[in-house]
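To start, the structure itself, in structure tokens.
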Amino acid sequence: MSTDFKLPDLGEGIHEAQVIQVLIKEGDRVASDQPLMEVETDKAAVEIPSPQAGVIQKVHVAAGQTVNVGAALVTFADNGRSVATAPVAAAVAQTAVIAQPPPPVAEARTAVAAPMPPARTGQPAKVAASPAIRRQARENNIDLQSINGSGPGGRVTHEDLERVLAGGSAATPASVPASRPESGGAASTSLPLPDVGELPDFTKWGKVRREPIPQIRKTIANQMVRSEAVNVHVMHHDLADIEMLEQLRKDHNARKTEGDPKLTLLPFIIKAIFAAMKRYPKFNCSFDHLQNEIVYKEYFNFGIAVDTPRGLVVPVIRDIDRKSIRDLARELTALGEKARKASFTIDELRGGSFTITNIGSLGGIVSTPIINYPEVAILGLGKADYKAVVREGKVVARYMLPLNLSFDHRVIDGADAARFTGEIMGYLEVPGRLLLED
Amino acid sequence: MPRRKLKLQHEVEELSILDVDGQVDTALEPALNHDELLRIYRAMVLTRELDDRMLKMQRQGRIGTFAPCRGQEATQIGYIYPMQKEDWVVPSYRAPGAQIWRGWHLEQILLFWNGYEEGARTPEGVNDLPVAIPVGSHPILAAGIGMGMKLQGTKQVVLTAFGDGSTSEGDVLEAFNFAGVYQAPVVFVCENNQYAISLPRAKQTRAETIAQKALAFGYDGIKVDGNDVLAMIVVTTEAVNKARRGDGPTLIEAFTYRMQMHTTADDPKKYRSDEEVKEWEKKCPLLRFEKYLINKKAADEKLLQEIHQDVIDEVQAGLERFEKCCVPQPDKLFDYTYAQLTPELQAQKEEFLAILAQRDSRNRKH
């Protein structure tokens, strides 16, 4: 009987490893403890020695490939039986049957030349699940990515998996072929799009027109799906009383001289966010789940969501910590011009650390902004308007600005969001406080 | 109220007897007969062979994470050598050779690192505590055991070993202090292997030596070449005798080097250079002891070879015993906390067994 040697858990709770080098080939006779391959995990690069003496009947992996723990690395032939007969035809036949076969060795060589994506670059958004759940899913050929986890942060729970095993519908059952190999490097590096199947045939109900999706739309869609898949969105809503700020703004605009920029609310809001961010730097961070680190940015570049004729773009205003309210006003005016022509360079759209979306300029009070991944928060502004509010026991009309803060609950808690929003509101309600900032 | 200088007379000794070339300082050389020397050598070889095999087994998925001890053979065999059967040992996690010397079964070491409770069950007649995995949690236990011995007036001694990183733990300093205050018969051995995982010794303490920390607690500290098994034996024997006489504790700093990773989940290339490791390879505790044995005519190449082969066979037999008795019983995890299960735990155990049975039957279907 031939035996498989499977990738063990080489660290403490690692899930996968990348093959750096395969040191043997099919047909080789190896001694016990002879090095078979070098692999690299999240923790270390290590050599894997052979667990037994014998002849290598099959090598299942190639350099560059990412292999899950538990996936077969090599198969040993029957003790003593020659594998010279292991027919090439059989291997080919297998290729035809298996949807995504592990690359045969010859193919693997070429795969090295065309470099595989390194294990760490990507988007992966691994599904959260305990090792026991992962194992159970693996044993039942269920792709965890296809399950909508009901646990915190989309964690796949035992119940979720049971539901799928029972053929339930609450979670999308795995549509992956049962023969999908365990060593699916591709599965862990591509975006986890739920496989919803093809659209229905709409022509049954009437005439339709199909148009290719423009590139900008594809970019927006990808960015939105990525954010929805990775960030755990929670929205915090509040109303800021901006009566005093509005007075200040109007006063400036009435008395401004030639060359002085007209002030809108936005520069004040940007300054207020920055001031609040100094106390709550988490809102200017990224969550690096691969390195297990929170990346705090010491730069303050705010993306401003802008509606252009071609669609949404998010140009970035840089170094807002070093700019005055007037500077920001000028820059925002210039941004508006560019937006009309939709003439942003790629560089102008990169490097943001926080985003503001001012949907209120078109109307609306509450919105649920999608975080601009890999940022962790976005502030949506509703339409500022007079509202009836109670002040000192009397109903009065005050000029109110709705604030809609979406944040990534992986790194920010509800209490943080409430405090951060409260801080911003403090600056907007008593704009003089901005004078006291360094 | 003048400001004046207190004259504290304190020094720290440093000792090495056998140099890297196997040259011995005959004035300091302990009087050990050939049989004893070979017994010490064999224990060191066994420590290394087991360590090498375990690293391979871990990479093959046959045992879990463990902490390799290559390079620290002389330290552990040296400090365990003077300990009598009735003495107590409170071990850390990087000295399987010392454990086996004390009477632990080889397969227990493997069971322990594969997550089996049986690997932590001290064999009958062995006065050792189980291995302490948390850093620096156990020297305080040794201090307590020592204080108990003192109260009971027994002539026993307790020895505890820990790493350089432990010396920054509050509990360890409390242990140093209590042992000193009560003049307890404790031997503290700091296996200074230069790294606390990735943190180098220089960042662990501003002090020039770890040994000198004992001075603040009112007793002697001594720095020893931890790769020199003869020096380790001499220093530990002195400390054990002193403790047995009722003259209190000693802190021994065994200056050594961890040749491998901290544990199998660590990659030392990320924090130290290959050149540094190569320098320490030259200081190998086994090589210098082999030269010494041959110079002393206690052994020839052939005898050393035979000992090696004998050790390989012993380790192999131990591995086979381990793999035979290593049958996972997941419900065992309920068995070792209470003599009688609480109703909640009883319910959890039943639920757990039901889940296992359900899974087994599903696996059979598939």
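One line per chain: the protein sequences are H and D, in this order.
For the first sequence, our numbering begins at 1 and goes up steadily by one.
For the second sequence, our numbering begins at 1001 and goes up steadily by one.
By construction, the Cβ of each residue, glycine as well, lies at the ideal position given by its N, Cα and C atoms.
In summary, the residues of the stretch 40 to 71 of chain H whose CB is separated from some CB of chain D by less than 8 Å are 43, 44, 45, 46, 47, 48, 49, 50 and 51, in the order they occur in the chain. In the DSSP assignment, residue 427 (chain H) falls within the alpha helix (DSSP H) that extends over 414 to 429. Residue burial is scored here from C-beta neighbours: residue 406 (chain H) has at least 16 other C-beta atoms within 10 angstroms and is therefore classed as buried.
With a beta-carbon spacing of about 19 Å, residue 1143 (chain D) and residue 1165 (chain D) fall beyond the 8 Å limit used to define contacts. Nearest to residue 297 (chain H) by C-alpha distance, out of H:44, H:287, H:306 and H:305, is H:287. For residue 1114 (chain D) against residue 1326 (chain D), the beta-carbon gap comes to about 6 Å, under 8 Å, which counts as contact. Rounded to the nearest whole angstrom, the CA to CA distance from residue 1096 (chain D) to residue 20 (chain H) is 32 Å. For the 8 Å CB-CB criterion, residue 45 (chain H) and residue 38 (chain H) form a contact. Contact between residue 1193 (chain D) and residue 1154 (chain D) does not hold, since their C-beta atoms are separated by about 32 Å, which reaches or exceeds 8 Å. Apart from sequence neighbours up to five positions away, the residues of its chain that approach residue 389 (chain H) with a beta-carbon distance below 6 Å are 398, ordered along the chain. Note: residue 386 (chain H) is bridge-paired with H:399 in the DSSP secondary-structure output. Within the stretch 1262 to 1273 of chain D, 1263, 1264, 1265, 1266, 1267, 1268, 1269 and 1270 place their CB atoms closer than 9 Å to a CB of chain H, listed in sequence order.
Within its own chain, the residues whose Cβ lies closer than 6 Å to the Cβ of residue 277 (chain H), once the five positions on either side in sequence are excluded, are 283 and 284, listed in chain order. Using a Cβ distance threshold of 8 Å, residue 372 (chain H) and residue 303 (chain H) count as a contacting pair. The contact set of residue 1059 (chain D) on chain H, defined by CB atoms closer than 8 Å, consists of 8, 10, 46, 47, 48 and 49 in chain order. For residue 291 (chain H), not one C-beta of chain D is nearer than 8 Å to its own C-beta.
Contact between the stretch 1304 to 1313 of chain D and the stretch 1039 to 1055 of chain D is present, with at least three C-beta pairs closer than 8 Å. Contact note: residue 136 (chain H) reaches chain D through 1359, using a C-beta cutoff of 8 Å and chain order. Cβ atoms of residue 1162 (chain D) and residue 1136 (chain D) come within 8 Å of each other, at about 6 Å. Interface flag for residue 38 (chain H) against chain D is unset, since no Cβ pair is found closer than 8 Å. With distances taken between CA atoms, residue 1082 (chain D) lies nearest to D:1239 out of D:1354, D:1111 and D:1239.
Assigned with DSSP and collapsed to three states, residue 261 (chain H) falls in coil, not helix or strand. The C-alpha of residue 1259 (chain D) lies about 27 Å from the C-alpha of residue 1320 (chain D). A straight line joining the alpha-carbon of residue 1322 (chain D) with that of residue 1224 (chain D) spans about 36 Å.
Taking CB atoms only, residue 139 (chain H) has a neighbour in chain D less than 8 Å away. Listed along chain D, the residues sitting closer than 7 Å to residue 33 (chain H) by beta-carbon distance are 1056. For residue 1034 (chain D), no beta strand (DSSP E) run applies; the uninterrupted alpha helix (DSSP H) run containing it begins and ends at 1034 to 1059, by DSSP. If you draw a 10 Å sphere on the C-beta of residue 22 (chain H), you find 16 or more other C-beta atoms in it, and that means buried. With a threshold of 16 other beta carbon atoms within 10 Å, residue 1010 (chain D) falls short and is exposed. Within the model, the alpha-carbon separation for residue 255 (chain H) versus residue 248 (chain H) is close to 11 Å. What residue 1062 (chain D) touches in chain H, judged by beta-carbon distance under 9 Å, is 8 and 51, going in chain order. Exposure of residue 78 (chain H) is indicated by the presence of fewer than 16 other C-beta atoms within 10 angstroms of its C-beta.
Annotated as distal: residue 321 (chain H) and residue 268 (chain H), with beta-carbon spacing of 8 Å or more.
Residue 1160 (chain D) is outside the set of residues whose beta carbon lies under 8 Å from a beta carbon in chain H.
Residue 156 (chain H) places its beta carbon less than 8 Å from that of residue 129 (chain H).
The C-beta of residue 1363 (chain D) comes closer than 8 Å to at least one C-beta of chain H.
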